[in-house]
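Okay, so the sequence shown: first residue is 9 according to the working numbering, each after it adds one.
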Amino acid sequence: MIPSVSCRAVTRLRSSRSKYAAGEAAVEGGGSEAIVTGSAHRLVEDRRTLPRVLDELSAGADTVVAFVGAGDIERDAEAYAKVLRRRGDGILSLDLPDLVSSRLSAGCALRANEPLARHTTLGLGGAARWYAEPANVDDIVTLLRAAAELDLRWFALGRGSNLLVPDEGYDGLILHLDAAHWGAVTDLGEGRLRVGGGTRLKELCGFAAREGWKGFEFLEGIPGTIGGSLRMNAGAMGGWIFDIVESIEWLTPQGRVRAARRDSFDALYRDCPQLHGSVVLSAVLRSAGRDEPAAIRARMDDLAAQRRASQPREASAGCVFKNPEGDKAGRLIDLSGLKGRAVGPVSVSPTHANFLVNAGDAKAADFIELMRAVRAEVKSRQGVELQPEIVALGREWKELL
């Protein structure tokens with residue numbers, strides 16, 4: 009029997025699955041729809057609409073909210089109660105910690121208003137509304153599902169070496185695979201290495217050299233992680249990351265783990281469409297065979313020397329523009345007489361014209377203004393419209409340029 013209560017609305021959350029979370033088959037007529045059938049009570053069937061509906065319901069003093077379900081339904085009830093306890097006379101507003109704080113592992117860091125300049129090689133830009141360092145896959149799934157419920161956008165950050173953070177920051181969630189778990193490298197034998205998505209390329213190269221596996225040397229100077237390098241098919245010194253990929257394991261935006269071999273991916277110039285909006289968990293890479301560690305290290309040192317001679321040492325985001333077909337962006341910028349051109353502390357590097365360097369205390373607005381000037385000058389003098397290679401966090405380049 010349903011007790012009589014004085015209420016303006018009863019809110020109930022229903023799973024879209026045909027079975028309850030406990031694995032039991034649904035009973036015809038036994039669902040909680042019976043509570044609201046024939047009444048003026050309100051039914052919520054989509055978890056994503058819950059925060060908005062709870063905002064509306066919180067205005068009435070006689071509101072009763074009933075959470076009815078199985079499995080993880082208590083998570084939503086706990087979050088709602090927590091917000092009610094702290095809101096006082098304010099407006100009810102569910103935020104990320106309300107949905108995840110009791111479900112994240114002890115090793116997962118979650119911080120608000122995290123300055124992102126410290127997490128990028130360019131060293132500028134604003135803060136992230138939320139910043140997380142998940143310790144395992146379950147942490148990532150929990151964070152992504154909560155972000156979906158709150159309509160909160162998110163971005164998986166590597167080393168921030170190909171990224172421009174706007175001055176206003178990022179009104180969303182940053183996922184940074186920085187915990188030790190994500191940097192593991194395992195020798196599978198026969199020249200195959202399993203590499204965590206957060207592994208720095210320099211560390212991968214060092215591991216391979218010590219173990220006597222060649223073929224990774226070209227990655228040594230790229231300031232990125234495996235995850236970031238796969239999403240953009242990073243390359244240097246004549247090699248590309250997808251040249252050595254055997255398989256990839258990743259997490260979809262819906263929180264599902266997927267794995268596929270190399271031939272399932274389109275490795276384009278500075279892009280891999282299948283990994284857009286995903287989190288790379290790990291990859292299996294294949295070496296080019298055995299060699300003496302000293303010989304491998306000597307080749308790495310030679311490539312590092314070439315890089316130091318041809319690329320600036322100042323803070324930068326790497327190459328700013330993609331190379332047009334059959335040409336080099338740096339050559340076109342140099343031919344246009346733009347080396348040394350500056351906007352505030354940001355300037356075109358005299359060492360490599362496709363690098364815009366930050367001399368210190370620069371704003372993203374300075375960087376964007378210089379990008380506009382370089383593009384316009386190259387278009388005017390060379391007849392080529394350069395396209396950005398770096399990512400503008402949370403923005404589209406067509407809005408900025």
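Glycine included, C-beta positions come from ideal geometry on N, C-alpha and C.
Ordered along the chain, which non-local residues of its own chain (more than five positions away) have a Cβ less than 6 Å from that of residue i?
i	result
N121	A135
A337	F329, N331, N362, L394
S357	P320, F363, V365
Q282	F273
G326	S169, N170
F204	Reading off the sequence shown, one finds Gly at residue 204, where the question assumed Phe. Same-chain partners within the cutoff: W190, G191, A192, S290.
I304	A217, K222
At which residues does the beta strand (DSSP E) containing residue i begin and terminate?
i	result
A164	162-165
E257	253-259
D146	No beta strand (DSSP E) contains D146, which is instead part of the alpha helix (DSSP H) from 145-157.
E7	Since the displayed the chain opens at 9 and closes at 409, residue 7 lies outside it and no answer follows.
L289	287-294
L355	In the sequence under discussion, the amino acid at residue 355 is Ser, which differs from the Leu named in the question. Segment 354-356, the beta strand (DSSP E) holding S355.
L8	A query on residue 8 cannot be resolved here, the shown segment of the chain reaching from 9 to 409 and no further.
So, at 7 Å on beta carbons, what are the nonlocal neighbours of residue i in its own chain, with the 5 sequence-adjacent residues on each side left out?
i	result
G247	F226
D299	G220, K222
S24	The predicted model places S24 with a pLDDT of 41, which falls under 50 and marks its position as unreliable, so this point remains unresolved.
H360	S318, Q319, P320, G338
R380	L409
E198	none
L151	V108, A140, P142, L181, L183
K210	E228
Over the uninterrupted alpha helix (DSSP H) stretch that includes residue i, give me the two end residues.
i	result
D309	301-318
G235	234-239
I182	That residue, I182, is in no alpha helix (DSSP H); its beta strand (DSSP E) goes 178-184.
L104	104-108
A5	Since the first residue shown for the chain is 9 and the last is 409, residue 5 is missing from the structure and cannot be characterised.
K347	Run containing K347: none; DSSP gives neither H nor E here.
F375	372-390
L343	337-343
E407	405-408
Quickly, what does DSSP pair residue i with across the bridge? List them, please.
i	result
G247	A244
T194	R202
N366	A323, V354
P396	F329
R266	W258
R298	W221
L171	V399
R208	T233
So, under 8 Å CB-CB, residue i and residue j are touching, yes? Tell me the CB distance rounded to an integer number of Å.
i	j	result
A291	I341	Rounded, the Cβ-Cβ distance is 33 Å, inconsistent with contact.
A370	L132	5 Å
I376	N170	Not really, about 16 Å apart at Cβ, beyond 8 Å.
L185	L104	Not confirmed; about 18 Å, so no contact.
R315	G229	4 Å
L172	A372	6 Å
I252	R278	That belief does not hold up - the Cβ atoms of I252 and R278 are roughly 17 Å apart, past 8 Å.
Could you work out which residue in the options is closest to residue i when comparing CA atoms only?
i	options	result
A217	F75, A384, S324, R307	R307
L183	G229, G285, I252	G285
G345	Q319, D374, V382, A367	V382
G206	P142, C280, P281, E333	P142
F224	G243, V351, N144	G243
A302	G214, R278, R270	G214
D146	V386, K387, Q262, C280	Q262
G236	S355, V288, D179, G297	V288
A275	E86, R349, L238	L238
T260	E86, V149, P396	V149
R264	M245, R153, G115, L130	R153
Tell me which same chain residues have a C-beta within less than 8 Å of the C-beta of residue i, skipping the five on either side of it?
i	result
A267	S255, I256, E257, W258
D335	V392
E176	G134
Y343	Note that residue 343 is Leu in the sequence shown, not Tyr. Taken in chain order, the residues that qualify are R389, Q390.
E404	none
E82	F75
R200	E254, V292, L293, R294, S295
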